[in-house]
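So for the sequence shown, our numbering puts the first residue at -10; every next one is plus one.
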Amino acid sequence: MVVAFGSLFNTIEVRRTNSAGSVIETLKVPLAYGPKEKFLTRISADPNLNPGVALTVPRMGFELTALTYDGIRKLNTMGRNVAAGT
């Protein structure tokens, strides 16, 4: 599930244009799997930590927290599809 979601969104690009509308620069947006809290915990654990944070901006992250069943989307089991003329 994580691989499918990550590969679906790993081709996002940001295109910077000038006033004429021509593309000046194209940036590939890196995609990372993991919770944001991990990074925030690392910073708050050691406030004197100053190694010069090496982040690439823009950047996207995702985390799958739970998969739950949605009964509203269930189709009626009594519904029948019948082709005309059969």
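Glycine included, C-beta positions come from ideal geometry on N, C-alpha and C. Model, not experiment: these values are computed from the prediction.
Item, Value
"Endpoints, beta strand (DSSP E) assigned at V12", "V12 to K17"
"Anticipated Cβ contact below 8 Å, V3 with Y22, distance rounded", "Actually they do not touch by this definition, with Cβ atoms about 20 Å apart."
"N7 CB to nearest heavy atom of the ligand GDP below 6 Å", "Absence of the ligand GDP is noted for the structure shown, with no ligands found whatsoever."
"Continuous beta strand (DSSP E) stretch holding L20: start and end", "L20 to Y22"
"Enclosing beta strand (DSSP E) for V3 [first to last residue]", "E2 to T6"
"For M49: DSSP bridge partner residues", "L20"
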